[in-house]
Amino acid sequence: MSDHDTKLIAHLMRRAGFGATRGEIEAYAAKGYDATVEELLDPPDARWMGDYLARRFHHEQSGMMGPWGSGDNWLYRMITTNAPLHEKITLFWHGIFATGYPKVIHGKMLSDQIRMFRRYGLGSFRTLLVELAKDPAMIVWLDNYDNHKGAINENFGRELLELFSMGVGSYSEDDIKECSRAFTGWTIGNAEYMTLRSERDSDWPYGRISWHFDYRADDHDGGEKEFLGRRGRFDGEDIVDIICEQESTARFIARHVYHFFVADEPPVPAWPYTPPRDPAAVETLAQAYFDSGYNVKAMLRVLFTSDFFKAENVRYEKVKSPAEFVAGILRLTGEFDRPRREIMDRARQMVYMGQHLNNPPSVEGWRQGAEWLDTGTLVERINFASEQVGDLNKPGVKNMVQNIASSNGSQLSPERIVNLCLEQLGEVSVSDSARGILVEFAERGDRSPEGIAAMLRLTASTDEFQRA
Amino acid sequence: MNIEYSLTVGLSAMEGRGFYYPSDTAIGRDGRFYVVNRSLESVDRGVRVTMCDIQSEYYGIFGSYGEADGQFVWASCAALDSAGRVYITDERLGRVSVFDPDGAFARKWGTKGNGTGELDGPSGIAIDADDAVYVSDTYNNRVQKFTDGGDHLLTFGQGDLDLPWGVTVAPSGDVYVADWGNDRIARFSPTGQLVGAYGKPGRGDGQLTRPASVAVDEDGWMYVADWGNERVQVLDPDGGFVMKTRGEATLSKWAENFLRINVEEADARSRANLEPKIDLFDPDDPHEESSHVEKLFWSPMSVKLDDEGRLYVTESNRHRIQIFQKTA
Chain U
-7 MSDHDTKLIA HLMRRAGFGA TRGEIEAYAA KGYDATVEEL LDPPDARWMG
43 DYLARRFHHE QSGMMGPWGS GDNWLYRMIT TNAPLHEKIT LFWHGIFATG
93 YPKVIHGKML SDQIRMFRRY GLGSFRTLLV ELAKDPAMIV WLDNYDNHKG
143 AINENFGREL LELFSMGVGS YSEDDIKECS RAFTGWTIGN AEYMTLRSER
193 DSDWPYGRIS WHFDYRADDH DGGEKEFLGR RGRFDGEDIV DIICEQESTA
243 RFIARHVYHF FVADEPPVPA WPYTPPRDPA AVETLAQAYF DSGYNVKAML
293 RVLFTSDFFK AENVRYEKVK SPAEFVAGIL RLTGEFDRPR REIMDRARQM
343 VYMGQHLNNP PSVEGWRQGA EWLDTGTLVE RINFASEQVG DLNKPGVKNM
393 VQNIASSNGS QLSPERIVNL CLEQLGEVSV SDSARGILVE FAERGDRSPE
443 GIAAMLRLTA STDEFQRA
Chain V
5 MNIEYSLTVG LSAMEGRGFY YPSDTAIGRD GRFYVVNRSL ESVDRGVRVT
55 MCDIQSEYYG IFGSYGEADG QFVWASCAAL DSAGRVYITD ERLGRVSVFD
105 PDGAFARKWG TKGNGTGELD GPSGIAIDAD DAVYVSDTYN NRVQKFTDGG
155 DHLLTFGQGD LDLPWGVTVA PSGDVYVADW GNDRIARFSP TGQLVGAYGK
205 PGRGDGQLTR PASVAVDEDG WMYVADWGNE RVQVLDPDGG FVMKTRGEAT
255 LSKWAENFLR INVEEADARS RANLEPKIDL FDPDDPHEES SHVEKLFWSP
305 MSVKLDDEGR LYVTESNRHR IQIFQKTA
């Protein structure tokens, strides 16, 4: 197989997954690029460590009362899944439909929302929006339990249009009000008791009780509404239907997809005033949205097989989010072959890098791209990468070192050992200046396991390793 | 053979009176409960052993988070010897800590590893009439027998067990193991020969999903914490299905007290439907149902029998013990 093939597969795995080991890249390359895309979109046998194991040893990942269990559990999935695109698309929707612990105060409900994204995230966008509107964590997060017939609360209606589907400038204030009317009566069961418990952070007497969607017909405004130029006795599902038909929705979701999977765009609030980096690509994705009946998987199939995705000039044009960065490294090191208490430490380090899963900074989620990097977070990232991939006690690191050493390790030229380190860390390509520094370090000539591990540490500290 | 619900003891509490993610309960001959609280892993609060009794009388706590003598990181299971000393396993530290009946630290033993006498993830623990100690050596997929001082006596179950959890010594002297990964109860002779295996994977009657714990009475009837199915099953001595229960918790004395003081929550609770009929996201997942319906078992990790024919079911996620009575 050619260098071109493996580099393209490595690019795909960084975007559609969390990177890959050299062995995985070779296996995918042998199958071929298009077959790999199909396998990512429709994994034949999706597996991960599994809830039983995680729950047996991490009891909070079962009861999920606090702010950590749900994210720790999700990190396990990212690390151990053989269907990484499922977790990536889940991360994608979590970034857009950002819902957080400080108001929900119920880890299980946040985890259930993530589970919903996992199930519906690659399917119909219409279905996803309807499920989102029924999602108990979202109903509490954006106060829809307080959205009543004759006394609307606009929080959910506003964000549904502004942040979740169409973007600023595509609707009026009246549309928000009418939209909100359509979602009156969409609440959670036992809303009074459950929200009181959340307000008080009460887990008494017997731990958290999961919430469930409840449609209250007696509290639903079934009157006529005018929404985006259409008139009718709309309910929530009708509103979602109309939203999904909009060109603005197609472009907004297409730009998000491009932003997440292809190349960093400016922060979302700038979108109304800043054209996309690649307008033709966004149009292509928007067309795929309509052609497929709003199907996300179809959009991604077009994306991953497009020239704009495969192009050299978008590679390493995305800064990995902390979740992608941490999960990718932990997949390489193979540390979590079984439940280990260290999962918490790894998840906390992700927080120090700026991302606490299920706890975004606001309803707008996290700003992506270069905004992940400041002097503090960059130091955290480099320290983390260096510490993890340089630890010879970790089975994945041991393997990488062994693979390098078995290529006639003691005789390796500096250039060759640099190439092997780049290969083992996931077929990473680096700039000439970075390569020069790595070669200079390799010229010191230490070919012991510790010496090779030190080379891996330095390689993982490069700018390109921060990027996807 | 039947079991009937009697009462509930417990309350979610990170400190003092109450439980926080309890993983096991040992019942002393004087009726004192020793409830092992795993707690959260992300903070150092809540890890302790709570002492109380069936009347909800609270006697205090001992132990805390840490690696020093008398501390725990991943506290798991508990058993009592003939003198009433409390033996507690720690899956993380790979050791057994021993406390006197009032909770004073006495000693510890156990070395992390996979050699003979070493432990990797010790969980279930049981003590026989001669004070020999049986420990589920989880990640080594075996059970090991020790003296009460930690000297190795016997190893068995390799090749038969997959991540064993709860272990008990039956009145007959046979050792029953919750063979978690194999979805069955494995029965060994006192010399470590596999002499029986009960249950097959599944959710049907008599089937098991990741059993956590088993108790056995003088007639050989088995009471199984069918953890992955969020229920308790009673099996006859040959493993035949007898009955099952999903739990029916009521308010404990501590819970009633909490609601008496917190009137606003009590009022809201009185207006809530705590047994809602809902469309579950995963209809075949009892964990999901238990998260919604408070009275049902949620993560039942331990079953213990006392001399009065009472069965104690410790539920991690609900921070309580549901107590049942054996009836003929």
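For the protein sequence lines, the chains are U and V, in the order given.
Read in the numbering used here, the first sequence has 61 at position 69, and its numbers run on one by one without any break.
Take the position in the second sequence, starting the count at 1, then add 4; the result is the number in the numbering used here.
Note that CB positions come from ideal geometry on N, CA and C, so glycine has one too.
> Where DSSP assigns a beta bridge to Pro126(V), which residues make up the other side?
Replying inline: DSSP lists Asp141(V) as partners of Pro126(V).
> Would DSSP call Trp196(U) helix, strand or coil?
Replying inline: Reduced to three states, the DSSP call for Trp196(U) is coil.
> Just curious, the beta strand (DSSP E) that Phe328(U) is in, first and last residue?
Replying inline: From DSSP, Phe328(U) is part of no beta strand (DSSP E); its letter is neither H nor E.
> For the region 236 to 302 of chain V, which segments carrying the alpha helix (DSSP H) assignment without a break, of at least 4 residues, lie completely within its bounds, in sequence order?
Replying inline: Fully contained in the region 236 to 302 of chain V are the following alpha helix (DSSP H) runs of length 4 or more, in chain order: 257 to 265, 267 to 275, 290 to 296.
> Closer than 7 Å, Cβ to any Cβ of chain U: which residues of the region 185 to 217 of chain V, in chain order?
Replying inline: Answer in chain order: Arg214.
> Of all the CB atoms in chain C, is at least one closer than 8 Å to the CB of Trp40(U)?
Replying inline: Of the chains in the structure shown, none is chain C; the protein chains are U and V.
> So, Val311(U) versus Trp364(U), is the Cβ gap smaller than 8 Å?
Replying inline: Yes; because the gap between Cβ atoms is below 8 Å, this pair is in contact.
> If you pair each beta-carbon of the region 350 to 357 of chain U with each one of the region 83 to 91 of chain U, do three or more pairs fall below 8 Å?
Replying inline: By the C-beta criterion, the region 350 to 357 of chain U is judged to be in contact with the region 83 to 91 of chain U, since at least 3 inter-stretch pairs fall below 8 Å.
> Which residues mark the beginning and the end of the alpha helix (DSSP H) in which Ser103(U) is found?
Replying inline: 99 to 112 is the span of the alpha helix (DSSP H), which, as asked, contains Ser103(U).
>> Within 8 Å, do at least three Cβ pairs link the region 296 to 314 of chain U to the region 329 to 340 of chain U?
In response: No, they do not touch.
> Between the region 289 to 323 of chain V and chain U, which residues of the former have CB atoms less than 7 Å from a CB of the latter, in chain order?
Replying inline: Near chain U, meaning a CB-to-CB distance below 7 Å, the residues of the region 289 to 323 of chain V are Ser295, His296, Glu298, Ser303, Ser320, Asn321, Arg322, His323.
>> Please report the straight-line C-alpha distance between Gly368(U) and Val343(U), rounded to a whole angstrom.
In response: The alpha-carbon separation between Gly368(U) and Val343(U) amounts to approximately 12 Å.
> Does any residue of chain U bring its CB to less than 8 Å from the CB of Ala182(V)?
Replying inline: Chain U contact via Cβ: absent.
>> Are the CB atoms of Phe148(U) and Asp135(U) within a distance shorter than 8 Å?
In response: Less than 8 Å separates the beta-carbon of Asp135(U) from that of Phe148(U).
>> For the region 124 to 155 of chain U, list every residue whose C-beta sits within 9 Å of some C-beta in chain V, in sequence order.
In response: Cβ contacts with chain V come from no residue of the region 124 to 155 of chain U.
> When you compare each of Ala362(U), Thr119(U), Leu83(U) to Leu102(U) by their alpha carbons, which one comes out closest?
Replying inline: Considering only alpha carbons, the answer is Leu83(U).
>> For Tyr137(U), count the other beta carbons within 10 Å of its own beta carbon; 16 or more makes it buried, fewer makes it exposed. Which is it?
In response: Buried, because 16 or more other Cβ atoms sit within 10 Å of the Cβ of Tyr137(U).
>> Using beta carbons (cut-off 8 Å, strictly below), is Gly357(U) in contact with chain V?
In response: Answer no: the Cβ-Cβ gap between Gly357(U) and chain V never drops below 8 Å.
> Taking the continuous beta strand (DSSP E) assigned at Leu198(V), which residues delimit it?
Replying inline: 198 to 202 is the extent of the beta strand (DSSP E) around Leu198(V).
> Helix, strand or coil: how does DSSP classify Pro259(U) here?
Replying inline: In the displayed model, Pro259(U) falls within coil according to three-state DSSP, outside both helix and strand.
> For Asn277(V), which residues in chain U fall below 9 Å Cβ to Cβ?
Replying inline: Identification of chain U residues near Asn277(V) by a Cβ-Cβ cut-off of 9 Å yields Gly181, Asn182, ordered along the chain.
> What residue from Arg200(U), His251(U), Ala174(U) has the CA that sits closest to Asp230(U)'s CA?
Replying inline: With respect to the C-alpha of Asp230(U), the residue from Arg200(U), His251(U), Ala174(U) having the closest C-alpha is Ala174(U).
>> Alpha carbons only, please: which of Met392(U), Arg359(U), Val288(U), Arg408(U) is nearest the one belonging to Gly418(U)?
In response: Nearest C-alpha to Gly418(U): Met392(U).
> Can at least three beta-carbon pairs, one atom from the region 196 to 215 of chain V and one from the region 253 to 261 of chain V, be found at a separation below 8 Å?
Replying inline: In the pairwise beta carbon analysis, the region 196 to 215 of chain V is classified as not touching the region 253 to 261 of chain V: fewer than three pairs are separated by under 8 Å.
>> Here's a check: name, in chain order, each residue in its chain whose Cβ is nearer than 6 Å to the Cβ of Ser62(U), leaving out the five neighbours to either side.
In response: Only Met56, Gly99, Leu102, Ser103, Asn350 meet the Cβ criterion.
> Are Ala82(V) and Tyr38(V) touching if we call contact CB-CB under 8 Å?
Replying inline: Tyr38(V) sits close to Ala82(V), with the two beta carbons spaced by under 8 Å.
>> With a threshold of 8 Å between beta carbons, is Glu257(U) in contact with chain V?
In response: No, Glu257(U) does not count as interfacial toward chain V.
>> Our contact map puts Val218(V) next to Val297(V) with C-beta atoms below 8 Å; I'd like the distance itself, whole angstroms only.
In response: Rounded, the Cβ-Cβ distance is 25 Å, inconsistent with contact.
> Between the region 274 to 291 of chain V and the region 232 to 245 of chain V, are three or more C-beta pairs nearer than 8 Å?
Replying inline: Yes, since at least three Cβ pairs between the region 274 to 291 of chain V and the region 232 to 245 of chain V fall closer than 8 Å, the two stretches touch.
>> Among the candidates Asn287(U), Phe244(U), Val288(U), whose CA atom is the shortest distance from the CA of Pro267(U)?
In response: Closest in alpha carbon position to Pro267(U), among Asn287(U), Phe244(U), Val288(U), is Phe244(U).
>> Which residues of the region 87 to 114 of chain U have a Cβ closer than 9 Å to any Cβ of chain V? Give them in chain order.
In response: Listed by position, the residues of the region 87 to 114 of chain U near chain V (Cβ gap below 9 Å) are Lys100, Asp104, Arg107, Met108, Arg111.
>> How far does the beta strand (DSSP E) with Asp210(U) in it extend, from its first residue to its last?
In response: From DSSP, Asp210(U) is part of no beta strand (DSSP E); its letter is neither H nor E.
> Which residues in chain V sit within 8 Å of Glu52(U), going by Cβ to Cβ distance?
Replying inline: The answer, in chain order, is Tyr25, Leu44, Glu45, Ser46.
>> Using only the alpha-carbon positions, how far apart do Pro205(V) and Phe301(V) sit?
In response: Looking at the two C-alpha atoms, the distance is approximately 20 Å.
> Going by the CB atoms, is the gap between Asn118(V) and Asn144(V) shorter than 8 Å?
Replying inline: Yes, they are a contact pair.
>> How far does the beta strand (DSSP E) with Ile189(V) in it extend, from its first residue to its last?
In response: For Ile189(V), the uninterrupted beta strand (DSSP E) segment begins and ends at 188 to 192.
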